[in-house]
Amino acid sequence: MTTADKSALKKSLGLHALLLVVLLISVSLSSTPVMPVANSTPAPVIKATFIDAQAIADQKRAQAQAEAQARAEEQRQQQQAAEQQRRREAAARKAREKKAREAAEAKRQSELRRLAEQKARERKEREAAEKAEAARKAKEAKERAEMERIMQEQLAQEQAAMQQQRRKQVLSEVDRYQIMIQQEIMKYLNADFKGKSCRLNIRLATTGLVTKVTIIDGDPALCRAAQSAVLRPDRLPVSDDPAVYAELKDINLKVEL
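Following this line, the structure appears as structure tokens:
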């Protein structure tokens with residue numbers, strides 16, 4: 001109920017109270033005994049009293065109705081105000097809930113973006129690390145292959161040098177044993193064949209035993225004598241070294257005095 005309505009109600013109640021006081025005074029005065037006046041009759045007095053009572057009842061009824069209406073209006077306005085307050089509170093609650101949902105959604109979207117960015121960053125870092133690792137391994141493999149190639153070359157060179165050195169040693173030993181074989185054969189030849197020469201093919205066993213001797217060319221007499229001289233010793237000098245023996249087992253030997 002507004003202030004203007006309350007003021008109007010108070011004025012109405014005051015007016016009704018004033019009328020009630022006036023009516024009560026009128027009734028009191030009408031009930032006071034008066035001296036009979038000549039030529040007066042009681043009928044008008046009774047009628048006036050009845051009219052005042054009826055008016056008072058009407059006024060009370062009107063006042064009660066006005067008060068009931070005022071209370072109903074006040075109750076209606078209170079209910080309306082309560083309903084408006086409820087609606088405002090509901091709207092405010094919905095607004096808060098909407099704001100909270102929007103904030104939660106914004107936070108969720110922000111978290112999703114952060115996680116997506118983090119995953120993208122981690123993927124890039126992982127890819128970069130894998131690429132760097134692959135490059136490192138490729139470089140190491142290349143360097144290792146180059147080192148192996150260099151080592152193989154060095155080893156081959158060393159082996160070639162060793163083989164060459166070994167070959168020299170073997171050939172030196174072969175020459176030495178050929179000279180020894182020649183000297184062994186020369187023991188059984190005389191000076192009659194001086195100035196003559198003969199070439200023989202001699203095959204030897206590992207023990208130095210002559211398995212075969214063949215004349216290749218040369219002075220026939222010297223060749224026959226040299227062939228017999230080769231067969232006279234039980235064994236000819238031969239090396240225990242397999243590489244040297246491989247060169248001596250089938251040799252062409254020149255016999256010359």
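At position 241 of the sequence shown the residue is numbered 241 (full-length UniProt numbering), and the sequence of numbers has no breaks.
All C-beta atoms, glycine included, are put in the ideal place defined by N, C-alpha and C.
Taking a contact as a CB-CB distance under 8 Å, the pair residue 209 and residue 176 does not count as one, their CB atoms being some 20 Å apart.
Excluding its 5 nearest sequence neighbours in each direction, residue 219 has C-beta neighbours in its own chain below 8 Å: 193, 196, 197 and 198, listed in chain order.
Secondary structure at residue 213: strand, using DSSP grouped into helix, strand and coil. When DSSP reads this structure, residue 230 sits in no beta bridge, so it has no partner.
Residue 224 is not a Cβ neighbour of residue 188, given a cutoff of 8 Å. Scanning its chain for C-beta atoms nearer than 6 Å, with the 5 sequence neighbours on each side dropped, one finds around residue 257 the residues 193 and 194, in chain order. Under the three-state reduction of DSSP, residue 254 is assigned to strand. The beta carbon of residue 254 lies closer than 7 Å to those of 197 and 199 in the same chain, with the five residues before and after it left out. Within the model, the alpha-carbon separation for residue 54 versus residue 60 is close to 10 Å. Here residue 181 is buried. Its C-beta has 16 or more other C-beta atoms within 10 Å. The C-alpha of residue 237 is placed about 9 Å away from the C-alpha of residue 207. Rounded to the nearest angstrom, the gap between the Cα atoms of residue 203 and residue 250 is 5 Å.
Taking 8 Å as the cut-off, the beta carbon of residue 190 is found no closer than this to the beta carbon of residue 252. For residue 200, no alpha helix (DSSP H) run applies; the uninterrupted beta strand (DSSP E) run containing it begins and ends at 197-204, by DSSP.
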